[in-house]
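To start, the structure under review is shown below, and the notes come after it.
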């Protein structure tokens, strides 16, 4: 900047002197005097001197500018990655750019061989490269070197040979780091290869069409889409056909009419083998600056199988919706956590909710349980661990949207859909069933009442049969009293007389109790159910039935599995059954004449908390043809029997929740068995 001001000053001085000289010369007229001559000489000298100074200043300025430019050029060259290497490969110059590129300072790099310092890997031997450089003068190659920290660099070398006289040469090498560039190119090539592979695998056909020229610019390989052999048809635009041209024109017309530049369409085409296929196309129109369409980019994809699967899915969805709309039970489809994913129309009607209100809710939240939804979820989780036959159907109650509690019976099943566990719950409204059961129960009671009233004629015979035993006992006891009073002996055993009268009174009371119980049974079908000790009940009944058994010669024995067993039943009715069975056994053994007369009464535990009482005799047994009708009314083996005793006994046992059966004994005779419910708590006491 100082040099510029100096030059400008000398130039201005020279111009001023010239102006002054011109003005002075205009006022001087010859002949010139000595003063004028001196003045003219001074002006000329001053002009020459200022001109010389101006010329010197301009030349000095140009030289300085050249020097500055050269220095700036050298500095710029130093910033570039440039090195000088001799024929032995030794580094003679190492720029600041090389320091930044390789991480080695100039002091550490100069004097070392490049190959050793940078671990250089060249595409050909170094001698061959020097030969090429001496021959051509310039060489450009790519090689691999390492940074000071060890990471790999891809370097582009541009070398120029410099001669030093004789056979001595050096190479000035400008190096450029192209690592990221080459990696980007490799990534681009890999991406293009992956894209080409994806396009080939997916069967996508991509094309670009010149709308101005009316012809395709390029296409991808179309073997997969068109079903052609690439060796026969080739690749690229050879796949194009008149049909595709017509399709492009149709797409352009459609998009132009709609004002859009994008189009999505389906179309039908055929493979060379004649198979009909379904394609899906996308297209986009590219316009120039004036808005005219100039190119079209499009893709085709064969979606035949996908459309078929979609159709199957739509059909399956329609079937599912039809099932949900028509299934008569409340049906819920839930995920593994119990959230409702779908429900039937019956479920919505049963609960009074819209479908949107049920979807996503926890099924356990709909259950009406005082323990709360958490307890219900635990119960459902435990129930899901069991098989359907172990706990289903399950009776529960659900709460409607209006707050009403509805009893239902539901069944739960599970399945796996795409690896996810799903549950299907069927619930049936039990209100109609409960109402039907209640009506049936009332009708059953009414029918039973009618049946009992219709059986009154049968019961009349039953009363005669049942009362014959206590009445006979009364007659016997009173006959004994009469004999004792009419005896010749004046001394009467008052104790025995009182005992016989007491026994007769007991049998009269028993007859009245039998009438009362049978009347209650006829009117209401009910019994006086109480806890009764079994052994005392059996012994009393046997004593009553075998009164004066010594005259029959019968030997009675007992076999109780537990003396403390307690049963639930009507004492009079059960004893009446036992008396009937024991008397029948005694009559059968007496009727056979001579022979064993042994009677065994035994007990043993049966299934379902029932105890079995067996009455076994050594009589003639029961004929096989009688076993089938033995418990029917009017079926009897006695000459004077009415055939009501066993029928009534069986009905009494069944009213107590037990069963009665008869069979032939192993050692001859017959055995009658019946069961009664056991009171375990009473027995424990």
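Residue numbers (this note's numbering): 33 to 717. A virtual CB, placed ideally from N, CA and C, is assigned to each residue, including glycine.
- From the listed residues 641, 130, 601, 575, the smallest Cα separation to residue 615 is found for 575.
- Annotated as proximal: residue 113 and residue 133, with beta-carbon spacing under 7 Å.
- Annotation: residue 250 is outside any alpha helix (DSSP H); the continuous beta strand (DSSP E) that includes it extends over 247-251.
- When the five nearest sequence neighbours on each side are left out, the beta carbons in the same chain lying within less than 8 Å of the beta carbon of residue 153 are those of 175, 176, 177, in order along the chain.
- Of the other Cβ atoms in all chains shown, 16 or more fall within 10 Å of the Cβ of residue 688; this residue is therefore buried.
- Comparing C-alpha distances from residue 447 to each of 456, 538, 708 shows the shortest one belongs to 456.
- About 15 Å separates the CB atoms of residue 587 and residue 626; that is not less than 8 Å, and the two are not in contact.
- For residue 204, the enclosing beta strand (DSSP E) has its first and last residue at 201-209.
- Taken in chain order, the whole beta strand (DSSP E) runs of length 3 or more contained in the segment 338-415 are 362-366, 372-375.
- Residues 284, 287, 293, 325, 328 of the same chain have their beta carbon placed closer than 7 Å to that of residue 317, with the five preceding and five following residues left out of the count.
- Note that the C-beta distance between residue 599 and residue 564 is below 7 Å.
- Secondary-structure assignment with DSSP links residue 636 through a beta bridge to 644.
- Of all C-beta pairs linking the segment 121-140 to the segment 197-215, three or more are shorter than 8 Å, placing the two stretches in contact.
- Per DSSP, residue 137 is not a residue of any beta strand (DSSP E), being assigned neither H nor E.
- Taking C-beta separations shorter than 6 Å and ignoring five residues to either side along the sequence, the partners of residue 589 in its chain run 632, following chain order.
- In the same chain as residue 429, and ignoring 5 residues on each side of it, the C-beta atoms closer than 8 Å to its own belong to 399, 400, 401, 437, 438, 439, 440, in chain order.
- Residue 272 sits in coil when the DSSP states are folded into three classes, being neither helix nor strand.
- Around the beta carbon of residue 573, a 10 Å sphere encloses 16 or more other beta carbons of the protein chains shown; the residue is thus reported as buried.
- Here the C-alpha atom of residue 225 lies approximately 10 Å from the C-alpha atom of residue 219.
- In this structure residue 201 does not touch residue 170 by the C-beta definition: roughly 13 Å separates them, more than the 8 Å allowed.
- The criterion of a C-beta distance shorter than 7 Å is satisfied by residue 312 and residue 298.
- Residue environment analysis places residue 332 among the buried positions, since at least 16 neighbouring C-beta atoms fall within 10 angstroms of its C-beta.
- Within the segment 110-173, the beta strand (DSSP E) runs of at least 3 residues that lie entirely inside it are, in chain order, 114-118, 123-126.
- Residue 612 is classed as buried because its beta carbon has at least 16 other beta carbons within 10 Å across all chains shown.
- Relative to the Cα of residue 529, the nearest Cα in the group 544, 509, 592 belongs to 509.
- A check of alpha carbon separations from residue 383 across 701, 434, 358 identifies 434 as the nearest.
- Put simply, the backbone Cα of residue 534 is about 24 Å away from that of residue 602.
- Taking 7 Å as the cut-off, the Cβ atoms of residue 302 and residue 308 count as close.
- Residue 204 has its alpha-carbon roughly 15 Å from the corresponding atom of residue 111.
- Distances from the alpha-carbon of residue 683 to those of 641, 707, 257 put 707 closest.
- Cβ-Cβ distances below 8 Å link residue 356 to 363, 374, 375, 376, 377 in the same chain, with the five nearest sequence neighbours on each side left out; the list follows chain order.
- Burial check for residue 352: the Cβ neighbour count within 10 Å stays below 16, so the residue is exposed.
- Spanning the alpha carbons of residue 274 and residue 248 requires a straight line of approximately 11 Å.
- Straight-line measurement puts the Cα of residue 241 at about 12 Å from the Cα of residue 278.
- In this structure, DSSP gives residue 599 an extended state, which the three-state scheme calls strand.
- CA-to-CA, the gap between residue 431 and residue 444 works out to about 19 Å.
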